[in-house]
Structures are given as C-alpha cells and as structure tokens.
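>
In the numbering used here, the protein residues as written are 384 to 525.
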C-alpha cells in the first residue's frame, strides 16, 4: 500500500515505530537510503525509502544525507539471489564522499527480499570510507 498507492502519510508512523526499536546509534551516525530507480520515482511520485529515512533521521535527532546515487535500473522482481547479485553489481556510486569517511551509516530500505541490494550499497559505502554500515528495512519479503 505505502509503496504503490501514494500513501505517504504512513511514513512518519512507520519511522517512529521503527525508531523506538533501534539500538543506540552513535552521534557520528548518518542516515541515508537505498535510492530507487529514477523511473520508479517518476511512476510513484516519490522515493519511499528516502521518505522513510528522512522521518527516521528526524525521530532519532540524526542527520539524513543522500550519499548514494543509482546508475542502473535493472528490474529485480522475481529474480533469484544469484541473478540479483549480478544485476546490482556496480549500480551505486558514492556522492558527498567527505561525509562518508569515518562515519557510521544507517542504510534504510523499504523492502528486503534477498539482501543483494543492501549488500551492494553497503559495499559501496565501505569502499568510500564508512567506518560501519548498518541497515534497517521496513519489510522482509520471502
């Protein structure tokens, strides 16, 4: 519903509930999101992971910063883990690298299926100098 029916009003509620269950986050933590493909943002009218990340950052009193850009748009729905891992390789690039170096990063995504997207994004952030990358997802699809 949140993802496909333009129901943005639920984002602050989801973020607040999730924020309550997070462990302590160090002060040098920055919160970012897995960027959606441009075509998906255009179709939906917003990037749901970005919206969730911004509300979550606000609820935690931590900065929200876009530090990843997406350069590919491979559709992964229905793909196996091995196919997803191949399709997602090299799709992300760091932006604002000076903010990433030495930072603790909390990476936000709306749905995790195999974890391939999160793994690739975390790998990109670690290569850019992130001290540690943790992730939070709002749903796990099996």
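Every residue gets a Cβ at the ideal spot worked out from N, C-alpha and C, and that includes glycine.
Assign residue 507 to one of three DSSP states: helix, strand, or coil.
The residue given as residue 507 occupies position 124 in the chain shown. If DSSP states are grouped into helix, strand and coil, residue 507 belongs with the helices.
> Contact defined as beta carbons within less than 8 Å: I believe residue 477 pairs with residue 450. What is the distance between those atoms, to the nearest angstrom?
Stepping through the chain shown from its first residue, residue 477 is reached at position 94. Stepping through the chain shown from its first residue, residue 450 is reached at position 67. Yes, they are in contact, since the Cβ atoms of residue 477 and residue 450 sit about 6 Å apart, within 8 Å.
> Any idea what DSSP makes of residue 479, helix, strand or coil?
Translated into the one-based positions of the chain shown, residue 479 becomes position 96. In the structure shown, residue 479 sits in coil (DSSP, three-state: anything other than H, G, I, E or B).
> Quick one: is residue 437 buried, meaning 16 or more other Cβ sit within 10 Å of its Cβ, or exposed?
The residue you call residue 437 lines up with position 54 of the chain shown. It counts as buried.
> CB residue 413 to CB residue 435, shorter than 8 Å?
Position 30 of the chain shown, counted from the start, is the residue given in the question as residue 413. Position 52 of the chain shown, counted from the start, is the residue given in the question as residue 435. Taking 8 Å as the Cβ cut-off, residue 413 and residue 435 do not qualify as a contacting pair.
> Taking buried to mean at least 16 other C-beta atoms within 10 Å of its own C-beta, is residue 523 buried or exposed?
Walking along the chain shown from the start, residue 523 turns up at place 140. Burial call: exposed.
> Identify, in the order they occur along the chain, each residue of the same chain with its Cβ nearer than 7 Å to the Cβ of residue 516, setting aside the five sequence neighbours on each side.
Taking the first residue of the chain shown as position 1, residue 516 is located at position 133. For residue 516, where only same-chain residues beyond five positions count, the Cβ hits under 7 Å are 488, 490, 505, 508, 509.
> Would you list the one or two residues that DSSP bridges to residue 412?
Position 29 of the chain shown holds residue 412. Residue 412 pairs with 487.
> Mark residue 396 as exposed unless 16 or more other C-beta atoms lie within 10 angstroms of its C-beta, in which case mark it buried.
Locating residue 396 in the chain shown gives position 13, counting from the first residue. By the neighbour-count rule (16 or more Cβ atoms within 10 Å), residue 396 is not buried but exposed.
> Would you call residue 400 buried or exposed, if buried means 16 or more other Cβ atoms sit within 10 Å of its Cβ?
As a first step, residue 400 must be located in the chain shown, where it is residue number 17. By the neighbour-count rule (16 or more Cβ atoms within 10 Å), residue 400 is not buried but exposed.
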